[in-house]
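Asks: In our numbering, the protein residues as written are 410 to 658. We treat Cβ as the ideally placed atom computed from N, Cα and C, and that holds for glycine. Take this structure, written in structure tokens, and hold onto it; I'll ask about it next.
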Amino acid sequence: MIKVAVCGALGKMGTEVCSAVEESDTAELVAKIDIAGSGTYQTIEEAHRVCDIDVLVDFTQPKSIFENAKYCLNNGIKIVIGTTGLKDDEIEFLKNLSAEKNTGCLIAPNFSTGAVLMMMFAKQAAKYFDNAEIIELHHNQKKDAPSGTAIKTAMMMAEAKDSFVKGNCPEVETIEGSRGGTSYADIHIHSVRMPGYIASQEVIFGSSGQIFKIRHDSMDRKCYMQGVMLAVKHVYDCNDFVYGLDNIL
């Protein structure tokens, strides 16, 4: 049995992960970690002193994930990271630390198989369109923007070409930020935060005479659990560094 700890266990995603681990035939929930307390360990260090942990799943906050990941890798705990907000240089640092410590680390901006397929399809479509933008929509308690899914999508699309603003006229924003943020390969990302949403994303491609859209909507957090458990099994079996669930599907 894979001994799993969940950090951020009392949050909405953490609660679902705990349930998924408890229902699994191959994993055992050995520790719930959350600063909110209420029957949980307060820190990873506290849980580690008491529990034997094979894999830690982290769904916490952008401000804490980097330190959490460093502690795990430095102490032989394999980690699955669902928390978004890591910077490019932090991801590179964790990649190198994972290799140095020979300890598995998997970072996934999105664990929904449908969302991962959306990113993979967007990468394929990017070969055939010179213009594209991304709109991502999340609940209004999400702290980071743009979403990790949008950033990963843009990164994958940028492998196809250097710019997706071919033919655009020079632009002047009368309201700053109205064109969204400019990411990899000049792809504009627009972030919407609204109660009622869980997570949605639309990738829009355009060329003369046509518009092509790829959209994914999450209506229930349970849709992420298949991907989470797949990631847990992968890092338990392997000691590699993986960025994106698409790399293990």
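(1) Roughly how many whole angstroms lie between the Cα atoms of D553 and N577?
(2) Considering Cα atoms alone, identify which of P555, D463, V464, D443 is closest to E455.
(3) With DSSP as the reference, label A569 as helix, strand or coil.
(4) Between the beta-carbon of E568 and the beta-carbon of K532, is there less than 8 Å?
(5) Would you list the one or two residues that DSSP bridges to E542?
(6) Going by alpha carbons, who is nearest to K504 out of N483, F520, T522?
(7) Within the same chain, show all residues whose beta-carbon is closer than 7 Å to that of K631, passing over the 5 residues directly before and after it, in chain order.
(8) Considering only C-alpha positions, which residue in the set R458, E476, I490 is nearest to G423?
(9) Using the three-state DSSP reduction, which class does H548 fall into: helix, strand or coil?
(10) Start and end of the beta strand (DSSP E) containing A508?
(11) For N540 and R624, what's the separation of their Cα atoms in angstroms?
(12) Quick check on G448: buried or exposed, where buried means 16 or more other Cβ atoms within 10 Å of its Cβ?
(13) Between I488 and D463, is the Cβ-Cβ spacing less than 8 Å?
(14) So which of E432, S473, S627, A436 has the shortest CA-CA distance to T452?
(15) Sorted by chain position, which residues of the same chain lie with C-beta nearer than 6 Å to E432's C-beta, five sequence neighbours on each side aside?
(16) Round the Cβ separation of V641 and V439 to the nearest angstrom and send it over; I've been treating them as touching at under 8 Å.
(17) What separation, rounded to the nearest whole angstrom, lies between the Cα atoms of L526 and N519?
(18) Hey, how far is the Cα of K622 from the Cα of Y450?
(19) Which residues in the same chain have their Cβ closer than 7 Å to the Cβ of Y606, if we skip the five residues on either side of it in sequence?
(20) If you draw a straight line from the alpha carbon of L515 to that of E585, how long is it in whole angstroms?
(21) If you draw a straight line from the C-alpha of Q470 to the C-alpha of K441, how long is it?
Replies: The relevant details are as follows:
(1) So the alpha carbons of these two residues sit roughly 28 Å apart.
(2) Ranking P555, D463, V464, D443 by Cα distance to E455 puts D443 first.
(3) Residue state for A569 is assigned as coil, using DSSP reduced to three classes.
(4) The answer is yes: Cβ separation under 8 Å.
(5) Answer by DSSP bridge pairing, in chain order: H597, I613.
(6) Among N483, F520, T522, the Cα nearest to that of K504 is on N483.
(7) Taken in chain order, the residues that qualify are E425.
(8) Among R458, E476, I490, the Cα nearest to that of G423 belongs to I490.
(9) H548: coil per DSSP, three-state reduction.
(10) Here A508 belongs to no beta strand (DSSP E); instead the alpha helix (DSSP H) covers 497 to 510.
(11) Inter-residue distance for N540 and R624 is about 17 Å (C-alpha atoms, whole angstroms).
(12) Around the beta-carbon of G448, fewer than 16 other beta-carbon atoms lie within 10 Å, marking it exposed.
(13) No; because the gap between Cβ atoms is not below 8 Å, this pair is not in contact.
(14) Comparing Cα positions, the closest option is S473.
(15) Contacts found: none.
(16) Not a contact, Cβ separation roughly 13 Å.
(17) Cα to Cα, L526 sits roughly 10 Å from N519.
(18) Within the model, the alpha-carbon separation for K622 versus Y450 is close to 44 Å.
(19) Shown here for Y606: same chain residues with a beta carbon closer than 7 Å to its own, the five before and five after excluded, namely L546, H547, H548 in chain order.
(20) About 36 Å.
(21) A direct Cα-to-Cα measurement between Q470 and K441 gives close to 16 Å.
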